[in-house]
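These notes are about the structure you will find just below.
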Amino acid sequence: MKLVDMDKLSLKKAALHYHSKGRPGKIEVIPTKETANQRDLSLAYSPGVAEPCLEISENPETVYDYTAKGNLVAVISNGTAVLGLGDLGPEASKPVMEGKGLLFKIYADIDVFDLELNTTDIDEFVRTVKILEPTFGGINLEDIAAPAAFEIEERLKKEMNIPVMHDDQHGTAIISGAALLNALELVGKKLSEVKIIVNGAGASAISCTKIYLSLGAKRENVFMYDSKGLIHPDRDNLTGKKPEFVNGSVPADTSLTDILDGADVFIGLSRGNILNQEMVKYMAREPIIFAMANPTPEISYEDAKEARPDAIMATGRSDYPNQVNNVLGFPFIFRGALDVQASEINEEMKLAAVHALAELAKKPVSEIVNMAYGNVQLNFGKDYIIPKPVDPRLISTVAPAVAKAAMDSGVAKRPITDWDKYKADLDKRLGNDNSLSKVIETKAKQNLKRIVFADAESVSVLKAALEIIEEKIALPILLGNVEKVKAMMEENMIELPGVPIIDPKIHTDEEAVKTFDRYAEDFYQLRKRKGLIRADARSFMNTRSSYAAMMVVSGDADAMIGGQSRKFVDTLRPALQIVGPREGVKKVAAVHIAITKDGPLFLADTSINHFLDANDIADITELVAAKVRQFNIEPRIAMVTYSNFGSVAKGESALVMKKATAIVHERHPDWIVDGEMQANMALDPELIEQYFPFSKLRGQRANTLMFPNLSSANIAYNLLGSVGELNIIGPILLGFKKPVHILQIGATVRQIVDMTGIAAIDAQEIE
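Here the working numbering is used: the first residue of the sequence shown is 160, the next is one more, and so on.
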């Protein structure tokens, strides 16, 4: 079974649905202060709001203390160069600007208002942005056509006292600059000596070239091409910034093919497939080829490496090594600039970001990144010259470097004095482990697994299957009535070409009959000494849950997911009978993951075991700890109940959790686990420090909560998901021989996709 190419699917339908479903758009504004009663409102607005107004009036700089200005960036466009699609207008640029705001928030916890200006007049654009200065802490210009983009940015930087950056220009320049420094180091060449060919002369290409020059490249070694040929002094049609990059050391009619002879570096910021294998064959030894046109590079990764196996290759694509991705830069550059209230983003700050990214790529890669990319043990080398976007160290590496450069260059209004505290605060903004969801999906993509869905007669499952294919997370197999499933797909405009749909009740060909007979016989042999007869075995195989479980046991699927439209126990029972617990596991269990701002919170046992004694809880704690470590997170476990270390009159659950804690301490004396304790105590290091300084959790927030019974655990995760509005992943079943997971009735598409990623990772681990 092959994964269908994304291009063959209805990306248009999926994208339009994504942007329009529920609340249209991708961002919203939420309060950051209490609004529960009249007093809160009187402080938020009249009369209380007068006090900060008066303070700011006396000292305008205190606007950063009393308002959101210091963490608020405007993403501004006029829609004249939208995603390389051209002049689509300001309204059509809004989805992109909202998306940019989303990236600012999830990568650097920066709030954004997107502004789309209905003007192509440079003076009007500049004046409009300039008079907005009191509102924002920074300005991110986006998708503005050159050459206007250059003049707009230059004028705003001169006339405004807050950071301004056109990311289309500088983002790619900063990321590719870091990649170029590392690539040259690997091949033993000096930037001041290499011959650089730049194909493209737009805003991004010109900015890239400028930063290479700032890093040490020589202007006489740079040859830039636009659609009309070499940027040469003999040409009379050069506009904008192009005349700054003329090179007359070769004839004006020198072709791209000829100029590449002996070239050390090719920088592509133009259009797809402009290079061929013959052109790169004559480049210098160990050439550096950055083919950054999207979605189709100037030359494909495969063609470049086949023609020049010694090359270092980078593209703008995530499915090849060395992705030049602007998200490595702009969120953290603005983060550092905002945190010192920089008056601008200057050359020193951009170069600091370049060097910080380059140095980060040389450091040992964190386990969470290795895990995300299939435990390939990434190391600094030709296939790893820039960090990966999921690297949690980016915010605490790039932002401090930018902030320090702002201070050193004299543009910081509020210098940082305690750098250790600053870096710790940066990690807390997103949660040290808050990249978990991205890691799950990224890791699943590295080795695609076949996931059978036992309940495909569900629109949510079908929509999830579409997303799973589009994102290349897994290879879905659907079980259900074929005609019914196809009708649902047609009604909901879902196209799943190449995805098998199997009905365990109807066998339309000889191969399907043989498979059914084999499953039924295998099931009979498995359960014949437990009262099962052959006729019942065949009857069981007509049910989707049993059929799916047998597919996994037989190796026809790598994992199963069921439960979307039927009772939990109706899927669990056949899974236990057919797949069964792995050796040494006395009780299978379930854990849910709540994705919080402080990182993932693991909750167990949430779905299976009603009555547990202390030994059961200790056993399940070991299963949960192993699962937590699978995500390269060290478990910090709290045995929670209503009592803190005997502080309340003894009851059954408090005694059970106390005994379970003692058992785990005896088995694993080096583990960070303690109890019995209340949940709020487990999640508040300051409370533990104050009242129970002897605890193994002293100074640390628990990331794993073990509950005394099913009722309390189930209530907890449902409350967190519903009232706390947290993303909940689960139930993740623990202790089975092969991956089996069971959805809650009514699971959302997002939850199904997340569970698919978990199932795929489980299958990878077993393999």
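C-beta: ideal position from N, C-alpha, C; glycine also.
Bear in mind the structure is a predicted one, so any value in this text is a computation, not a measurement.
Open item on the list: Using DSSP's beta-bridge definition, name the partner residues of lysine 325.
Closed with: Note that residue 325 is histidine in the sequence shown, not lysine. Leu300.
Open item on the list: Is it the case that the region 424-437 contacts the region 295-308, given that we only count it when at least three CB pairs across the two stretches are under 8 angstroms?
Closed with: no
Task: 8 angstroms Cβ cutoff met for serine 236 and glutamate 275 - done: The criterion of a C-beta distance shorter than 8 angstroms is satisfied by serine 236 and glutamate 275.
Open item on the list: Helix, strand or coil, according to DSSP, for glycine 739 in the structure here?
Closed with: coil
Open item on the list: Taking DSSP's pairing of strands, which residues face threonine 755 in a bridge?
Closed with: Gly758
Open item on the list: Suppose you measure from the CA of asparagine 591 to the CA of threonine 863; what does that come to, to the nearest Å?
Closed with: Since pLDDT at asparagine 591 reaches only 45, below the 50 mark, its modelled position is unreliable, and no value is offered.
Task: Helix, strand or coil at valine 750 according to DSSP, with G and I counted as helix - done: strand
Task: Inter-residue Cα distance where the pair is valine 658 and alanine 603 - done: Each residue's alpha carbon lies about 18 angstroms from the other.
Open item on the list: Does any residue of chain B have a CB that is nearer than 8 angstroms to the CB of tyrosine 460?
Closed with: Protein chain content of the structure displayed is limited to a single chain, and chain B is not contained in it.
- [ ] Take isoleucine 737 as the anchor and find which of Asp772, Ala784 and Lys687 has the nearest alpha-carbon.
- [x] Lys687
TODO: Using three-state DSSP, classify methionine 451 as helix, strand or coil.
DONE: coil
TODO: Give the secondary structure of arginine 588 by DSSP, where H, G and I count as helix, E and B as strand, and everything else as coil.
DONE: helix
Task: With 16 other Cβ atoms within 10 Å as the buried cut-off, status of aspartate 662 - done: buried
- [ ] Buried or exposed for lysine 440, please, with buried defined as at least 16 other CB atoms from any protein chain shown within 10 angstroms of its CB.
- [x] exposed
Task: DSSP state of methionine 865 mapped onto helix, strand, coil - done: strand
- [ ] Could you check how far apart the C-beta atoms of leucine 927 and glutamate 457 are, in whole angstroms? I think they sit under 8 angstroms.
- [x] As displayed, the chain neither begins before 160 nor continues past 926, which places residue 927 out of reach and without an answer.
Open item on the list: I need the DSSP call for glutamate 275, collapsed to helix, strand or coil.
Closed with: strand
- [ ] Return helix, strand or coil for arginine 444, following the three-state DSSP convention.
- [x] coil
Task: leucine 607 beta carbon less than 8 angstroms from that of alanine 633 - done: yes
Task: Which of helix, strand or coil DSSP assigns to serine 335 - done: Three-state result, serine 335: helix.
Task: Member of His514, Lys259 and Ala753 whose CA lies at the smallest distance from the CA of glycine 184 - done: Lys259
Open item on the list: Along the chain, where does the beta strand (DSSP E) containing leucine 634 start, and where does it finish?
Closed with: 634-638
Task: Residue nearest to leucine 419 in terms of C-alpha spacing, selected from Val255, Lys354, Pro402 and Ser363 - done: Checking every option, the nearest Cα to that of leucine 419 belongs to Lys354.
Open item on the list: I'd like to know whether the C-beta atoms of alanine 906 and serine 619 end up nearer to each other than 8 angstroms.
Closed with: yes
TODO: Please report the residue range of the alpha helix (DSSP H) in which proline 794 lies.
DONE: From DSSP, proline 794 is part of no alpha helix (DSSP H); its letter is neither H nor E.
- [ ] Taking 8 angstroms as the cut-off, decide whether the C-beta atoms of glycine 929 and lysine 228 are in contact.
- [x] As displayed, the chain neither begins before 160 nor continues past 926, which places residue 929 out of reach and without an answer.
- [ ] Quick one: residues in its chain with C-beta nearer than 6 angstroms to the C-beta of tyrosine 678, no 5 flanking neighbours on either side, listed in chain order?
- [x] Met700 and Met709
Task: Local Cβ density within 10 Å of asparagine 593, reported as buried at 16 or more and exposed below that - done: Residue confidence is low: asparagine 593 scores 47 on pLDDT, short of 50, so the model does not pin down where it sits. Its coordinate-derived value is still stated next. Asparagine 593 comes out buried.
Open item on the list: Considering Cα atoms alone, identify which of Thr915, Ile447 and Gly407 is closest to glutamate 379.
Closed with: Gly407
- [ ] With a 10 Å radius around its C-beta and 16 neighbouring C-beta atoms as the bar for buried, classify serine 854 as buried or exposed.
- [x] buried
- [ ] For glutamate 793, count neighbouring C-beta atoms within 10 Å of its own C-beta (all shown protein chains included) and say buried if the count is 16 or more, exposed if not.
- [x] exposed
Open item on the list: Is the separation between the beta-carbon of methionine 865 and that of alanine 748 shorter than 8 angstroms?
Closed with: Taking 8 angstroms as the Cβ cut-off, methionine 865 and alanine 748 do not qualify as a contacting pair.
- [ ] Please name the residue, chosen from Asp412, Ile365 and Ala773, that lies closest to lysine 746 on a Cα-to-Cα basis.
- [x] For the set Asp412, Ile365 and Ala773, the Cα lying nearest the Cα of lysine 746 is the one of Ala773.
Task: Close beta carbons around leucine 254, own chain, < 7 angstroms, minus the five adjacent residues each side - done: Here residue 254 is proline; the residue named in the question, leucine, does not match the sequence. These residues qualify, in order along the chain: His178.
Open item on the list: Using 8 angstroms for Cβ pairs, my map puts alanine 734 next to valine 899. What's the rounded Cβ distance?
Closed with: 4 angstroms
Task: 8 angstroms contact criterion, which isoleucine 754 and asparagine 886 should meet: CB distance rounded - done: The pair is a contact, with the Cβ atoms about 4 angstroms apart (cut-off 8 angstroms).
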